[in-house]
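Numbering (the numbering used here), first residue to last: 62 to 194.
The beta-carbon is built from N, C-alpha and C at its ideal position, and this holds for glycine as well.
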């Protein structure tokens, strides 16, 4: 039984834990049954548990880090006398403008390259190709 609920509780213990187990059995007035498993099975289960636990810790650490980073950035802006929301809008607008400039530059380079190719075809074929316009 588990804290008033039905079910099975499994405790993994080592030979060093025997005294603790006996103390628990005395406290609950119940002799716990032993279920032995091979060392390989225990190692496999322990590895799975350890990996899962570590993944969860890493995820929490990452989330905490990102949250602290965001909070510290907002604090810094406030201390500088700036409105965090306005600064965020300004930064987003700057990024938008940079993307727009990049697209325009790319389009300009593409047109120039097409013009160069058309000229190359005219120079080398002696007549204008209808494929490239």
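### Query
What span of residues does the alpha helix (DSSP H) with residue 113 cover, start to end?
100 to 140
### Query
Taking the alpha-carbon positions, what's the residue 79 to residue 109 distance?
25 Å
### Message
Using C-beta distances below 7 Å, list every residue in its chain close to residue 84, excluding the 5 sequence neighbours before and after it, in chain order.
### Response
none
### Query
To the nearest angstrom, how far is it from the Cα of residue 93 to the Cα of residue 126?
44 Å
### Task
Starting from residue 163, follow the alpha helix (DSSP H) in both directions and report where the run begins and ends.
145 to 186
### Query
Roughly how many angstroms separate the alpha carbons of residue 16 and residue 107, rounded to a whole number?
The chain is shown from 62 up to 194; residue 16 falls before or after that span and cannot be answered.
### Task
State the Cα-Cα distance for the pair residue 182 and residue 138, rounded to the nearest angstrom.
57 Å
### Message
Please report the straight-line C-alpha distance between residue 65 and residue 157, rounded to a whole angstrom.
### Response
Each residue's alpha carbon lies about 59 Å from the other.
### Message
As a quick exercise: from 173, 116, 75 and 81, pick the residue whose alpha carbon is nearest that of residue 96.
### Response
75
### Message
Let me make sure I understand the geometry here. Which of 133, 118, 73 and 153 has the alpha-carbon closest to that of residue 105?
### Response
73
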